[in-house]
Every structure is written in C-alpha cells, then in structure tokens.
Amino acid sequence: MEVEDVLPPLRSPSMQAPQLQHLYRLRTMSTIDERDFPVSTEGNIPESVQKGKIIGVFTSGGDSQGMNAAVRAVVRMGLYLGCRVYFIKEGYQGMVDGGDNIIEASWVSVSGIIHKGGTVIGSARCKEFRERVGRLKAAYNLIQYEITNLVVIGGDGSLTGANLFRQEWQSLVQELVDTGKITPQKAATVEHLHIVGMVGSIDNDFCGTDMTIGTDSALHRIIESIDAIVTTASSHQRAFILEVMGRHCGYLALVAALASEADFVFIPEWPPEADWSKRLCRKIEQERRLGKRLNIVIVAEGAIDMDGNPISAETVKDVIVKNTGQDTRITVLGHVQRGGSPSAFDRVLGSRMGAEAVLALLEATPESQACVVSLDGNQAVRVPLMQCVERTKSVAAAMKNKQWDEAVKLRGISFKRNLETYRMLTKHDPPKTVDHKGYRLAVMNCGAPCCGMNSAVRSFVRNVIFRGDTVLAIHDGFDGLVDGDIRPITWSEVRGWVGQGGANLGTRRTLPNDQNIEKIIANLRLYRIQALLVIGGFEAFQAVLYLTERRHEYVELRMPLCCVPATISNNVPGTDFSLGADTALNEITEICDRIRQSAQGTKRRVFIIETMGGFCGYLATLAGLAGGADAAYIFEEPFSISDLIGDIRLMHVKMEEGVTRGLVLRNEKANSNYTTDFMFKLYSEEGKDNFSTRMNILGHMQQGASPSPFDRNFGTKLSAKAAEWLTRQLEHHSRPLTEDYNELVYNSTSPDTAVLLGLIGEESPGIRTKELVRIRDFFNEEGLKADYDKKHFVDTIEDFNNIRKMKRFGYTEFITAALPAMKEFGVHKDIDSYKALMRVFPKGAFVPTSKIAAGFFAHYVQQQTALKILIQMEENGIMPDKEFESIIIDAFSKYSLVWERCARMTYWMTKFKNANPFPFPEKIPTDSLELAIVALRRMTFYIDPQTEVYVYRTKQIDESAEDTWMCFAQSDSQCKLIEELDLEKYRLSVDGPFQVWVAYNSISYFVLYARETRVKEDRDLVEEFLKSEQEINDVSNIPLSNFGYLDFEEGINPKSKIHQQDDGTILAIAATGTSSQESLLLWLRKLEQHNPRLRSAPIVVTPNNFTEQKQSLNEKTENNFQKNFDYNTAGKTR
1 MEVEDVLPPL
11 RSPSMQAPQL
21 QHLYRLRTMS
31 TIDERDFPVS
41 TEGNIPESVQ
51 KGKIIGVFTS
61 GGDSQGMNAA
71 VRAVVRMGLY
81 LGCRVYFIKE
91 GYQGMVDGGD
101 NIIEASWVSV
111 SGIIHKGGTV
121 IGSARCKEFR
131 ERVGRLKAAY
141 NLIQYEITNL
151 VVIGGDGSLT
161 GANLFRQEWQ
171 SLVQELVDTG
181 KITPQKAATV
191 EHLHIVGMVG
201 SIDNDFCGTD
211 MTIGTDSALH
221 RIIESIDAIV
231 TTASSHQRAF
241 ILEVMGRHCG
251 YLALVAALAS
261 EADFVFIPEW
271 PPEADWSKRL
281 CRKIEQERRL
291 GKRLNIVIVA
301 EGAIDMDGNP
311 ISAETVKDVI
321 VKNTGQDTRI
331 TVLGHVQRGG
341 SPSAFDRVLG
351 SRMGAEAVLA
361 LLEATPESQA
371 CVVSLDGNQA
381 VRVPLMQCVE
391 RTKSVAAAMK
401 NKQWDEAVKL
411 RGISFKRNLE
421 TYRMLTKHDP
431 PKTVDHKGYR
441 LAVMNCGAPC
451 CGMNSAVRSF
461 VRNVIFRGDT
471 VLAIHDGFDG
481 LVDGDIRPIT
491 WSEVRGWVGQ
501 GGANLGTRRT
511 LPNDQNIEKI
521 IANLRLYRIQ
531 ALLVIGGFEA
541 FQAVLYLTER
551 RHEYVELRMP
561 LCCVPATISN
571 NVPGTDFSLG
581 ADTALNEITE
591 ICDRIRQSAQ
601 GTKRRVFIIE
611 TMGGFCGYLA
621 TLAGLAGGAD
631 AAYIFEEPFS
641 ISDLIGDIRL
651 MHVKMEEGVT
661 RGLVLRNEKA
671 NSNYTTDFMF
681 KLYSEEGKDN
691 FSTRMNILGH
701 MQQGASPSPF
711 DRNFGTKLSA
721 KAAEWLTRQL
731 EHHSRPLTED
741 YNELVYNSTS
751 PDTAVLLGLI
761 GEESPGIRTK
771 ELVRIRDFFN
781 EEGLKADYDK
791 KHFVDTIEDF
801 NNIRKMKRFG
811 YTEFITAALP
821 AMKEFGVHKD
831 IDSYKALMRV
841 FPKGAFVPTS
851 KIAAGFFAHY
861 VQQQTALKIL
871 IQMEENGIMP
881 DKEFESIIID
891 AFSKYSLVWE
901 RCARMTYWMT
911 KFKNANPFPF
921 PEKIPTDSLE
931 LAIVALRRMT
941 FYIDPQTEVY
951 VYRTKQIDES
961 AEDTWMCFAQ
971 SDSQCKLIEE
981 LDLEKYRLSV
991 DGPFQVWVAY
1001 NSISYFVLYA
1011 RETRVKEDRD
1021 LVEEFLKSEQ
1031 EINDVSNIPL
1041 SNFGYLDFEE
1051 GINPKSKIHQ
1061 QDDGTILAIA
1071 ATGTSSQESL
1081 LLWLRKLEQH
1091 NPRLRSAPIV
1101 VTPNNFTEQK
1111 QSLNEKTENN
1121 FQKNFDYNTA
1131 GKTR
C-alpha cells in the first residue's frame, strides 16, 4: 500500500512551505528502500513538523464526557497533518493568564485519555475574558506562541465569546503594536485568527446539531440511576421523582422518560395543561390498578407550566402525596450526570468532530465565517457558528412568548419525534376492551437475540392496542409459527420490557423454507393474521423476503410485512443502525477499558481482542475508535502479513516512547488464515523482547445485559412507526379475500407492502425488501440470489440513489461492492452500466474549491474508488466516451486523478482499439509475443519514432530458469539520456504492470522511470501562488500530480499523460511472457548490457510488480487475425 492511500485529503489555502515539504515527502515515500517499516492499512504516523500551522485547543464552560476524545482527535489530526498543537489549560482563564497554561501537545500526551470523563486540560468560566482588557491579554499570550487557529470545545456562551474574539482580533493586534508589546513584524505573522467550534454540553441545547458531546453519556448515567432506583421503589411500592439537568432544555428528561417507561415527564418546551395535577394523579392510580408496584416521574430542572411558573420536584411530590397518599421520594441526580466514563457514542462523536475541526481550520480563509462542527444525520458537517447561536437564543425567546410549537420545532427534528412518540404512548389510557372489528397484527423475533428487541415489542404492542386492534405474539420465531405457539398479548404483559435485554418472546434462527411453508400458511389462516412484524437481524430480512416472493402462490401472504433490524452486527441492508449494535458497542468498549486497565502497573503488554459481527466490521471498527485501539482488522479491508508486521513495529515504537499498553481488535471473520490465534502467536514472537501479548475472545458477553438508552429509544420509535405503517396499509388497501372471511383483509402483491424500516440519516423510510436484495452484497451471505442481468444491476443503482441523500455517506462502499458483481450480472463490458455506477457520485460534491484542495487530491478516497471503475473498464477494454467524460467532470472536475486516468485511457485506447483514425494493419498476430511487439511499437511511436524493439527468448540467457519470452523498447535518445543522468538527483524504478489493449486482447507492460528525488522547483512554484491571496481560489492553473502543472485553456483538453500519476522520465518499456520476479530481473540485466551506466545505478523493483500470470489472448479472437506476421511491422528487431 502506498502512503497516498492512508493520507487524508488536505485542503489549506494558506499552507506554509515546510508543511508542503513534509507532506510531499510522505506522498513520495512509496519504495521499499525508503520505508523504515511496512505501512499499515490504518495509516502512517508522520514526524511532527516544528514549523507550519499552529493550533490551540481548549475546553470552556461546563465539562462533559467525550471532551477528552475531541481534544485527542484535534491533537493527533493536527500532528498528522504536520501542524503544531498547543493545549490551553483552564479554558479562557488559562488563555488570559498565559504562562504554564499554554503548553505544546505531543502524540503521547493524549494517549490513554479517551476513556476518561470530564476534560484533562481543565475548564473554567472566566469573567475577565468578557471585558476587552481580558481579551487583550489573551491575544498577547496567543501571539507569543504564534497561535492563530483555535478549536473551542464548549457551549453556546463559549462559542459566542470565541466569535467576538475573532472579530476583534485585528484591532487587538493593532493595540498591542501601538502599546509596544509586540513588533509590527510579529503582528504581520498573526494577522488573522481562525475559529472552529465543537459543542460540548450534556444538555443538548444547541441548535444546529443532532447531538452534543456528552449528551449520550449523561443519558447513560440517568438510565443507570433509574434502573437502580426501580428495584427499591418496587420493593416498597413507592413513587420516585427524579430531577435531571438540562437547564431550559428538556431533551435529557424526555429521552430518559422514553427509555425508562416513566409515567410522567415535565419539560420546559411542552408545559402540561392547567389541570396537570389531576392528570398526573389519575395516571398513577391507573397504573397501580393495573398491577404496577412503582411510579417514575421525571422533572427537568427548567420545567414550567403554561403560565411560565416553575414546576419543581417538591411541587410534584406534594401533589402526589396529597391526592394519592403514595409513599413518594425525590432523587436529584445533580452532577452524577456529568461524571463517569464517556459512552462509545460520545467517544466516536468527539473523535469525528475533532478531526473535522482540524480540517475546517486548514480550509479557513480570512473571509470565511467561524463555524461549528455539528452532527446532521450521522454526518459531521460545518455550520456557521453565529447562525446556530442565534437559533439557540430564539428557542428561549419562543418559550418566553409561550410559542410552544415553535420552540419544539426549533429544537430540531429529533426532539420533535421523541416528543411525538412520548405523547402517543402516554396520552390516553389503554382501551379496556379490544375492538373485535379491529385488525389482527402479529409480532415475532427472528435470528440471534440482542438488546432492544423487548423495547421494540413493547412499543408495537401498546401502539396497536391503543388503536383498538389485536396483537398476537409469536413465540420462538418461525419455529413458534410452525408449531402454533401463538397467543394474544396484553398492555400490562409488556410492562417493564423496555429495560430488559435478550428476547422475552424467544427467538430462533430458523427461516421459512419449502419444507415448513405449508404449516406457516396454515397457522396464518388459523389465527387470521392480517399483518406481520418481524424483528431481527439479517435472518429476519431473509425471512420477509422469502415470504414476499411466495405471495403469488399463497393468498395468506398478501398482507403488509415489515422488518425492524435488530442485530449487534449491524449488517442489515437499508439502514445505518440496527437495534442492539449500540449496546454491543458500549459493552465492547467497556470491556476494552477493563482489559487495558488490568495491565496497569505491569510490564509492557498488548491485548488482542476478537469481536463478533460476522463479515461486517462495524463493531471492530467503531470499538477500535471508541477504545483508542492501535489497530482494527476487518473483513472489508483486506490486510497482509506485511500490514501485521508493520503494526507490530509501530507497537515497538509506541512502547519505546513510554506508552506501556497496546490494544488490537479483530473481527471474527476478518481473515480465514490470519486468525486471532495466529495473530496472538505472531505478536508474541515478534514482540517478546519488548512486550508481552494476551488474547481475549469476547463471545456472547458482547450482546449486553441491559439495553443502552439509544437502543431503548430507537426500538420504541421504530416499532411505533411500524405499527403506524402496518395499520395505515390495512386501512387503505383492505377488501374481502374470500367468501369464507367475514372481516376485511388485505390482498396485495405490490412490492411497496413488504418493507424494511430502518434509519438513514434523519429519516426512517420504509424500503422495499425486493430493492434491498440488489443493494446488499450477498456474496458473503447464504440463501439469496438476485436476477443477474443488466436491468437489475441498473435498477439496483437507481434504488441506491433514491435511498441515499446527496449529503450522506456510502458511495464508496456501494461502488466497491458493485464492481466485483458486474461480471456475474453480465455487465462488466457494458459502458452504460459503468456510467450508471459513476453517476452514484453526486454532481459537484467532490470538485476542489481551491488550489490546495486540488494539489493534495481532495476527497482522495472517493477519487480512488472512481479510479477502480476506470481500471475495471480498462481491464475489460471499455473505452470512455464523451458522456462518460462529462460525468467525471461533473463529479470531480478536470483537476482530479480520475480525469487524468480517463484522459490517459482516451489517449491510448483510440490508438489501440482498432478505431479510426488509427486503424490496424490487415495482418494482426494472435501470438502473445507478436502482439506485445505491436503494442510496444505502437506506444513508442508516439514518444520517439526511432525507438527499436528488442526480442529475446529467456532460455537463451544463461541465468534464466524459465522458457518464455521478453521484449523491450528503447531509443538512442533514451540510451544517451541514461549516460548523462545524474544518479544522485534521479531515482530509477520499475513501474507496472500496466495494461494496454491491442484490438480485443490486452498486453501487460512495465516502464523504467527516472524521477527526481527533490522537487525544489515545483515547491517554489507552489509557494509563489500561496503568497498571492488573489490567486488562492483561482483554479485555472491548478497543480496536479506531484505538484506538476497542466495549463488549461477554455475549450481545449489537457495534454494527456501516458501513465496515470507519473511525470518521470521514461527510459525503457518492456513486456514479458510472465510478470515473475525472475523475468523482470532478466530484463534489467539485458538493459545493463545495452546501457552499461545502469550497472552502477540502483533500480527499485517493488513486490507489487511480481505476479505469476502469463500473457494470454482473448478466446474470442477476430477472424481477421493472421498467424503470419512480419516482425518488421514492429520496427527493428534483434
């Protein structure tokens, strides 16, 4: 793997020259002689550059769990990009005081902090900073360290202060110059201040983000407290009133009420009616009559009534005691909610936001607005800071004006949906009798058990009963449906289920099949089931799909079918999240913390941990990020023994730097050969002189004991939506099925009536299961096959485009899964299918916005994925046309690696695909050697018409053990160039194999390159345009690969390169019968005979050049190919 593969996109309009030198060195470290050790798939850790951008990071205001993860991400991402990063301790107070409060951070300084709560660099509220005098002191202290980039982690007050500081920066700098505290020269180096914010608050009261750092952890503390209180409250039949934090935001109270089955909740955004005391007491008495032994009431600390009067926990207690006589206690959780270890979600959120904040700083210009990194539908986005602050203030104004609906709307879509779900579950009493004219809906589990299943069942049961319909519980999955283990379930039976793990209804992995389908149909008819909800993992999805496909045979299956994803593996198609995955992730993260803590005080130790997940690496990847792991091996990212050795050597470096513990995660099916036991033995052997190794296979403990707040809430909302969708389908499409049925039933075979209900971004769309068959990569799952033809392949892409919004992720994963499947679909040689696949990339989304963005290949991962499409096209002899070129330009522009590759293909393939105006001669050979000669001669003709082609049989060479052929092309001018080459300035290397098509057959070839080891002249060019502010966003003369330049004129295509990403000097081109190591070395020996100077020049040949494949012809050769071929048509031969 090249270093380019692990560098993120770098986009800085004001990047300094030392950084360019450092990053260019990383990008050109591609040969084995330059690497200290193999580069791992996770990336290479560069050395810190002492000059360049300087970033300061601080936390301010109230602390929250996850702040340390954000600080760690800022430091490490900054160091990774060559910046210097400083801690500013104690928030704004430390900035004002200066001195020891501002210290430089290192990679090791943030090791081992991701699992800690609070903030290790301290936080404080500073009154002095609110005055200009205090801000002047802060500016002076920052200027001493040349800090002109700030990452602020705090609430709306901290972010507002940072924006004011930025606006005043130039006047503060001028005042310091006028008072003689700094020199004009110093002021010129700190002319502008850039600000990026992250919201750290447990209240989740900041508009513009779905979740703030710390909110999920606070919910964990609240739910843990409620779960502990429930046992003692039940023992004494007490009512408990819990007061939770949140100031004037009721998010914590509302979500905690949903996740704990609270009887009543008081929040400021939705004040209770004037008769709330009567309604509260009636609700409590009703629950007691139904057999409930306790009551939970949650009060937000800022709760008010419709008149704006505060509602306190004491007030609520007095009402309950006075009207019901219940033994009532109050628990004020207080700062317990701020404490403890951060949840996995907050660790991942802090890490993602911290990395994005650094990238935002690198892109910032003096004209750009200060921004805050937010979470929008599971994607980190940048939002103007003051826009969010103003919206947050408008919530308070709306509540002050008693505009409650507007206040809820301003809180965001997530808050609104939580409130709607809570209203639905608690607004009315359950019906005392079921309406026998209502519908009969069934619910079942399928697959492995996971936390959140019971929450989903409870929500579905109560929502359906609330509508007056009947719910049938099918026990033990499809085994129960076959055996008839089906019975009605009541409102009170699901009491307390929301906090219980496992599957109370029972679950099995048995699926419907041709052997049991008749019994399933018989019981569906016997129990008159009119709609079915299946809760489970990939097995549940398969089951719903199977039932859907058998509808044309059985009328009993022509009913609404819905699948709710529930699996710790999170491998169900059509949804970003599955029930149980968050709980499992938290369990793994907590276990990793404990395992790593076990090594405290011992010698150096590395732990290798195996996680579940099947072929899906979700758990291993996210747990690795949340647990601060050194490596995570997953099935989706193939790795080799060199990657393992590279990570081991990184572990040696880490231990030498003073970090005594290491953590490595492996997905259970990451590799069938590199097993956990193999990796344990490898780490043990290779690290025995420096560290010891331990292995842990977590097993079923990953499923968890009690669902996390997210899984409880997610299951509740998904099933509520499922109940709504199923009943709506029945209401709109019911009609008599046969004369034997008295009631109305459902009768439809439409694909729209069998859906999977998941979460994509902020939406919970019902996606047709038939569509998901084609989207899902089933090649590692059993029992499913799609219709493999062009129509279904293109339809799959269309379905994916409809499901994924433009701002969502998933393009690269989808394309990577689709490319290997093209041959099976029979579209691997169809240009229209490749166009459809390239259109998955949204228009304009990956176009560079500045010269730096283009120079460092912005959106590098997306570009590499697009290159895979072009490579596969070239391998199959498919030439891009004008429409295809337009698609590339729309998505990536001409200033991209993708366009370079496309230009190379259109340049060569027109000359080699027997297309006018470059026709082939009538006599075309079928022998691979003769075709290779045609290819070399045709290529070199456009470089130097005087090039000669030399042909050898390897058996004629004394050192050869093979009997094959070898030919290479070289001109006199190239030989002369080798003689005059400065070997200290140029590095020689073999690149390839490349492919070129000769009519309907491809030939692999290699190139001997000479490349400069220094690029001083190019760096000078880069520095020139960096100094010009007027040109910084001008993309008319943008730098391309390795800082080379291509001039673009309107209406003129760029000059195409022969080889993608290469601008070195070509010294020779060769083709061999095989690409083995011996064949290439024999070619180099023959080159030395023709060019004696090469005997003293080291030539780099990488393992990537070696294969054992032979040159072969397409089986379907054209009839006009002739066996008789005159070598002279290929030029001079010897």
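The sequence shown begins at 1 in the UniProt record's numbering and counts up by one.
Just so it is clear, CB atoms sit at the ideal spot from N, CA and C, and this is done for glycine as well.
Practice item. Whole angstroms is fine: what's the gap from residue 414's alpha carbon to residue 382's? Key: Start at 1 with the first residue of the sequence shown, and residue 414 comes out as number 414. Start at 1 with the first residue of the sequence shown, and residue 382 comes out as number 382. Near 19 Å, if we compare the C-alpha coordinates of residue 382 and residue 414.
Review point. If you draw a straight line from the C-alpha of residue 305 to the C-alpha of residue 408, how long is it?
Key: For the purposes of this step, residue 305 is taken as residue 305 along the sequence shown, with counting starting at 1. For the purposes of this step, residue 408 is taken as residue 408 along the sequence shown, with counting starting at 1. About 15 Å.
Practice item. Could you name the residues that DSSP lists as bridge partners for residue 610? Key: The sequence position of residue 610 within the sequence shown is 610, counting from 1. For residue 610, which the question treats as bridged, DSSP gives the partners 666, 697.
Check your understanding: How many angstroms separate the CA atom of residue 602 from the CA atom of residue 811?
Key -> Here residue 602 refers to the residue found at position 602 when the sequence shown is read from its first residue. Here residue 811 refers to the residue found at position 811 when the sequence shown is read from its first residue. Their backbone Cα atoms lie some 45 Å apart in a straight line.
Point to revise | Outcome for residue 335 when other beta-carbon atoms lying within 10 angstroms are tallied against a minimum of 16 | key: Position 335 of the sequence shown, counted from the start, is the residue given in the question as residue 335. Residue 335 is exposed by the Cβ-count criterion.
**Study point:** residue 813 to residue 181 span [Cα, whole Å]
**Key:** Here residue 813 refers to the residue found at position 813 of the sequence shown. Here residue 181 refers to the residue found at position 181 of the sequence shown. C-alpha separation (whole angstroms): 55 Å.
Practice item. State yes or no: is the beta carbon of residue 335 nearer than 8 Å to at least one beta carbon in chain D? Key: The structure shown has no chain D; it contains just one protein chain.
Point to revise | Rounded straight-line distance, which links the Cα of residue 983 to that of residue 948 | key: Here residue 948 refers to the residue found at position 948 when the sequence shown is read from its first residue. Here residue 983 refers to the residue found at position 983 when the sequence shown is read from its first residue. Cα to Cα, the separation comes out at about 25 Å.
Check your understanding: In terms of residue numbering, what span does the beta strand (DSSP E) encompassing residue 55 cover?
Key -> The residue labelled residue 55 in the question sits at position 55 within the sequence shown. Element bounds for residue 55: 54-59.
**Study point:** Counted within 10 angstroms of its Cβ, other Cβ atoms place residue 946 as buried (16 or more) or exposed
**Key:** Here the question's residue 946 lines up with position 946 in the sequence shown. So residue 946 counts as exposed.
Check your understanding: Using DSSP with H/G/I as helix, E/B as strand and the rest coil, what is residue 534?
Key -> Mapped onto the sequence shown, residue 534 falls at position 534. In this structure, residue 534 counts as strand in the three-state DSSP scheme.
Check your understanding: Helix or strand or just coil, what does DSSP make of residue 970?
Key -> Sequence index remark: in the sequence shown, residue 970 carries index 970 (1-based). If DSSP states are grouped into helix, strand and coil, residue 970 belongs with the strands.
**Study point:** residue 418 vs residue 255 beta-carbon contact at 8 Å
**Key:** Here the question's residue 418 lines up with position 418 in the sequence shown. Here the question's residue 255 lines up with position 255 in the sequence shown. Cβ distance < 8 Å, so residue 418 and residue 255 count as in contact.
**Study point:** Delimiting residues of the beta strand (DSSP E) encompassing residue 995
**Key:** Taking the sequence shown and counting its residues from 1, the one referred to as residue 995 is at position 995. That run of the beta strand (DSSP E) goes 986-998.
Point to revise | Nearest-angstrom Cβ-Cβ length linking residue 665 and residue 632, presumed shorter than 8 Å | key: In the sequence shown, the residue the question calls residue 665 occupies position 665. In the sequence shown, the residue the question calls residue 632 occupies position 632. About 4 Å separates the two Cβ atoms, so the contact holds.
Review point. If residue 190 and residue 146 are in contact, beta carbons under 8 Å, what's the gap, nearest whole angstrom?
Key: Taking the sequence shown and counting its residues from 1, one reaches residue 190 at position 190. Taking the sequence shown and counting its residues from 1, one reaches residue 146 at position 146. Right, their Cβ atoms sit about 6 Å apart.
Review point. In whole angstroms, what is the alpha-carbon distance linking residue 661 and residue 649?
Key: For the purposes of this step, residue 661 is taken as residue 661 along the sequence shown, with counting starting at 1. For the purposes of this step, residue 649 is taken as residue 649 along the sequence shown, with counting starting at 1. Computed Cα separation, rounded: 14 Å.
Point to revise | Continuous alpha helix (DSSP H) assignments of at least 4 residues falling wholly in the segment 445-530 | key: 453-466, 477-483, 517-526
**Study point:** Enclosing alpha helix (DSSP H) for residue 839 [first to last residue]
**Key:** What you label residue 839 is simply residue 839 of the sequence shown in a count that begins at 1. From DSSP, residue 839 is part of no alpha helix (DSSP H); its letter is neither H nor E.
Point to revise | Counted within 10 angstroms of its Cβ, other Cβ atoms place residue 789 as buried (16 or more) or exposed | key: As a first step, residue 789 is located in the sequence shown; it is residue number 789 there, counting from the start. Exposed is the call here.
Check your understanding: If you scan the segment 78-111 from start to end, which runs of the beta strand (DSSP E) of 3 or more residues do you find wholly inside it?
Key -> 84-88, 102-104
Review point. Which residue comes first and which comes last in the alpha helix (DSSP H) that contains residue 205?
Key: If you number the sequence shown from 1, residue 205 lands on position 205. Residue 205 -> no alpha helix (DSSP H), and no H or E assigned at all.
Exercise for review: Just tell me which of 522, 617, 396, 724 has its CA closest to the CA of residue 468.
Suggested key: For this step, residue 468 is matched to residue 468 along the sequence shown. For residue 468, the nearest C-alpha among the options comes from 724.
Point to revise | Spatial distance of residue 976 from residue 1093 (CA atoms) | key: Translated into the one-based positions of the sequence shown, residue 976 becomes position 976. Translated into the one-based positions of the sequence shown, residue 1093 becomes position 1093. Going from the Cα of residue 976 to the Cα of residue 1093 covers about 10 Å.
**Study point:** Under 8 Å between C-beta atoms of residue 1139 and residue 575
**Key:** Within the shown structure, residues of the chain are numbered from 1 to 1134, placing residue 1139 beyond reach of any answer.
Practice item. Please confirm whether any heavy atom of the ligand NAD lies closer than 7 Å to the CB of residue 395. Key: Absence of the ligand NAD is noted for the structure shown, with no ligands found whatsoever.
Check your understanding: Could you check where the alpha helix (DSSP H) with residue 593 kicks off and where it finishes?
Key -> Here residue 593 refers to the residue found at position 593 when the sequence shown is read from its first residue. Element bounds for residue 593: 581-597.
Check your understanding: Between 558, 1100, 877, 840, which lies nearest to residue 753 when the distance is taken from Cα to Cα?
Key -> Along the sequence shown, one-based indexing puts residue 753 at 753. For the residues 558, 1100, 877, 840, the minimum Cα distance to residue 753 belongs to 558.
Exercise for review: Report yes or no: do the segment 702-720 and the segment 208-221 share at least 3 C-beta pairs separated by less than 8 Å?
Suggested key: yes
Practice item. Assuming residue 98 contacts residue 141 (C-beta within less than 8 Å), just tell me the rounded distance between them. Key: Along the sequence shown, read from residue 1 onward, the residue named residue 98 stands at position 98. Along the sequence shown, read from residue 1 onward, the residue named residue 141 stands at position 141. Confirmed, Cβ separation roughly 3 Å.
Review point. Going straight from the alpha carbon of residue 438 to that of residue 531, what length do you get?
Key: Mapped onto the sequence shown, residue 438 falls at position 438. Mapped onto the sequence shown, residue 531 falls at position 531. Cα to Cα, the separation comes out at about 12 Å.
Exercise for review: For the alpha helix (DSSP H) holding residue 1166, just list the boundary residues, first then last.
Suggested key: This structure cannot settle anything about residue 1166, because the visible part of the chain is limited to 1 through 1134.
Practice item. Taking the CB atoms as reference points, tell me whether residue 968 and residue 582 lie closer together than 8 Å. Key: As a first step, residue 968 must be located in the sequence shown, where it is residue number 968. As a first step, residue 582 must be located in the sequence shown, where it is residue number 582. In this structure, residue 582 does not lie closer than 8 Å to residue 968 by Cβ.
Exercise for review: State the Cα-Cα distance for the pair residue 448 and residue 497, rounded to the nearest angstrom.
Suggested key: Your numbering for residue 448 matches position 448 in the sequence shown. Your numbering for residue 497 matches position 497 in the sequence shown. Cα to Cα, the separation comes out at about 18 Å.
Review point. Apart from the five residues just before and just after residue 1135, which ones in its own chain have a Cβ nearer than 6 Å to its Cβ?
Key: Any property of residue 1135 remains undetermined from this structure, which presents the chain solely from 1 to 1134.
Point to revise | Beta-carbon gap between residue 521 and residue 554 smaller than 8 Å | key: The residue given as residue 521 occupies position 521 in the sequence shown. The residue given as residue 554 occupies position 554 in the sequence shown. For residue 521 and residue 554, yes; Cβs fall inside 8 Å.
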